[in-house]
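K.L.:
Quick one: the structure is below, and I'll ask about it shortly.
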Amino acid sequence: MRENYFAGQIAESYDADSTGVFSAPVIGATVDFLAGLAGEGKALEFAIGTGRIALPLSQRGVSVAGIEFSPDMAAQLQAKPGADAIDVRIGDMISTKVDGLFRLVYLVFNTIGNLTTQDEQVDCFINAAAHLEPGGCFVIEVMVPQLRRLPPGETTHVFLFTPTRIGFDELDVANQLGISHHIWLGEEGPRKFSMPWRMVWPAELDLMARLAGLRLRERWVDWGRQPFTSESPKHVSVWEKPAG
Numbered sequence: 162m163r164e165n166y167f168a169g170q171i172a173e174s175y176d177a178d179s180t181g182v183f184s185a186p187v188i189g190a191t192v193d194f195l196a197g198l199a200g201e202g203k204a205l206e207f208a209i210g211t212g213r214i215a216l217p218l219s220q221r222g223v224s225v226a227g228i229e230f231s232p233d234m235a236a237q238l239q240a241k242p243g244a245d246a247i248d249v250r251i252g253d254m255i256s257t258k259v260d261g262l263f264r265l266v267y268l269v270f271n272t273i274g275n276l277t278t279q280d281e282q283v284d285c286f287i288n289a290a291a292h293l294e295p296g297g298c299f300v301i302e303v304m305v306p307q308l309r310r311l312p313p314g315e316t317t318h319v320f321l322f323t324p325t326r327i328g329f330d331e332l333d334v335a336n337q338l339g340i341s342h343h344i345w346l347g348e349e350g351p352r353k354f355s356m357p358w359r360m361v362w363p364a365e366l367d368l369m370a371r372l373a374g375l376r377l378r379e380r381w382v383d384w385g386r387q388p389f390t391s392e393s394p395k396h397v398s399v400w401e402k403p404a405g
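Residue 162 is where the sequence shown starts when you use my numbering, and the numbers rise one by one after that.
And the structure:
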């Protein structure tokens with residue numbers, strides 16, 4: 162049984178602790194991209210969380226459903242205006258099923274890494290493919306492993322350092338695993354959150370897609386469709402289920 166890392170205070174403070182990805186330009190570009198792929202069809206979000214993307218996508222006129230592992234995160238979503246239009250199932254994204262077929266299945270903000278084995282990640286692709294109608298697309302947003310930033314012999318990478326917050330990763334390169342540590346510094350003392358994740362390369366994701374019967378359609382560095390290059394820190398990839 163996988164551990165629920167997004168419970169209690171973590172769920173309650175998730176929106177405030179993730180302010181960068183809640184900015185209007187980020188949400189707007191993401192929703193534009195996804196709405197264009199969904200068209201007149203339905204969309205399914207894996208790890209829907211507190212509804213950062215699902216709610217504005219729904220308000221755009223797209224019929225949205227979601228799967229969420231954490232009941233506490235789902236409760237945060239369900240307390241927001243417009244949540245009654247979104248069908249949320251509590252479960253994991255590797256086996257939970259939602260009725261019907263979708264034009265779009267999407268998984269954003271590095272969340273594929275929350276599945277910490279290759280088998281689980283493959284099963285996620287298979288589950289996505291099972292929910293797609295012919296011609297539909299599966300979209301993932303995830304970082305590219307930043308191994309070039311690690312000096313020889315180092316296993317720790319600091320990705321955030323401010324007067325109120327510190328973030329760093331412990332990396333096990335041989336096993337493609339990491340642990341992200343987040344520390345908030347406040348008047349009441351430090352608050353810490355740590356969780357494991359699996360780093361995965363674009364080429365490995367493409368192979369997972371092939372195993373699930375999907376094929377790569379496009380890959381960009383961001384939601385604005387800027388070109389993906391060897392210097393890109395992340396990617397937005399789209400795999401398509403063949404129509405025939």
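Glycine included, C-beta positions come from ideal geometry on N, C-alpha and C.
Just to confirm, are residue 228 and residue 252 a CB contact at a threshold of 7 angstroms?
P.N.:
Your numbering for residue 228 matches position 67 in the sequence shown. Your numbering for residue 252 matches position 91 in the sequence shown. Cβ atoms of residue 228 and residue 252: closer than 7 angstroms.
K.L.:
Are the Cβ atoms of residue 249 and residue 205 separated by less than 7 angstroms?
P.N.:
Taking the sequence shown and counting its residues from 1, one reaches residue 249 at position 88. Taking the sequence shown and counting its residues from 1, one reaches residue 205 at position 44. No.
K.L.:
Looking only at its own chain, which residues have a Cβ that is under 7 angstroms from the Cβ of residue 321, when we skip the five neighbours before and after it?
P.N.:
Within the sequence shown, the letter at position 160 stands for residue 321. Excluding positions up to five away in sequence, the list reads 327 and 328.
K.L.:
Report buried or exposed for residue 282, applying the criterion of at least 16 other Cβ atoms within 10 angstroms of its Cβ.
P.N.:
Mapped onto the sequence shown, residue 282 falls at position 121. So residue 282 ends up on the buried side.
K.L.:
What residue does the beta strand (DSSP E) around residue 330 start on, and which one ends it?
P.N.:
Along the sequence shown, one-based indexing puts residue 330 at 169. Run containing residue 330: 326–333, per the beta strand (DSSP E) assignment.
K.L.:
Just checking: is the beta-carbon of residue 230 within a distance shorter than 7 angstroms of some beta-carbon in chain C?
P.N.:
Absent from the structure: chain C. Only one protein chain is present.
K.L.:
How is the alpha helix (DSSP H) around residue 233 delimited, first residue to last?
P.N.:
Reading the sequence shown from its first residue, position 72 is the one you call residue 233. Here the alpha helix (DSSP H) through residue 233 covers 232–239.
K.L.:
Which word fits residue 210, buried or exposed, when buried means at least 16 other C-beta atoms lie within 10 angstroms of its C-beta?
P.N.:
Within the sequence shown, residue 210 is the residue found at index 49, counting from 1. So residue 210 counts as buried.
K.L.:
Taking 8 angstroms as the limit between beta carbons, can you name the residues of its chain near residue 172, skipping five residues before and five after?
P.N.:
Indexing the sequence shown from 1 puts residue 172 at position 11. Around residue 172: 211, 231, 233, 234, 236 and 237.
K.L.:
Looking only at its own chain, which residues have a Cβ that is under 8 angstroms from the Cβ of residue 183, when we skip the five neighbours before and after it?
P.N.:
As a position in the sequence shown, residue 183 is number 22, starting the count at 1. Correct list, in chain order: 176 and 213.
K.L.:
Quick one: Cα of residue 168 to Cα of residue 392, how far?
P.N.:
What you label residue 168 is simply residue 7 of the sequence shown in a count that begins at 1. What you label residue 392 is simply residue 231 of the sequence shown in a count that begins at 1. Approximately 35 angstroms between the Cα atoms of the pair.
K.L.:
Look up residue 484 in the DSSP assignment and say whether it is helix, strand or coil.
P.N.:
Only positions 162 to 405 of the chain appear in the structure, and residue 484 is not among them; the question remains open.
K.L.:
Looking at the strands, I want to know which residues DSSP matches up with residue 351.
P.N.:
Within the sequence shown, numbered from 1, the residue matching residue 351 stands at position 190. In DSSP, residue 351 forms a bridge with 346.
K.L.:
According to the Cβ coordinates, are residue 287 and residue 373 closer than 7 angstroms?
P.N.:
Locating residue 287 in the sequence shown gives position 126, where the first residue counts as 1. Locating residue 373 in the sequence shown gives position 212, where the first residue counts as 1. Yes.
K.L.:
Under a three-way DSSP split, which group does residue 287 fall into?
P.N.:
Indexing the sequence shown from 1 puts residue 287 at position 126. DSSP places residue 287 in helix when its eight states are reduced to three.
K.L.:
Which residue marks the beginning of the alpha helix (DSSP H) containing residue 226, and which one marks its end?
P.N.:
For the purposes of this step, residue 226 is identified with residue 65 of the sequence shown, where counting begins at 1. From DSSP, residue 226 is part of no alpha helix (DSSP H) but of the beta strand (DSSP E) over 224–229.
K.L.:
Expressed to the nearest angstrom, what Euclidean distance is found between the alpha-carbon atoms of residue 218 and residue 164?
P.N.:
Start at 1 with the first residue of the sequence shown, and residue 218 comes out as number 57. Start at 1 with the first residue of the sequence shown, and residue 164 comes out as number 3. About 29 angstroms.
K.L.:
Residue 272 by DSSP, collapsed to three states: which one?
P.N.:
The count along the sequence shown starts at 1 and reaches residue 272 at position 111. Residue 272: helix per DSSP, three-state reduction.
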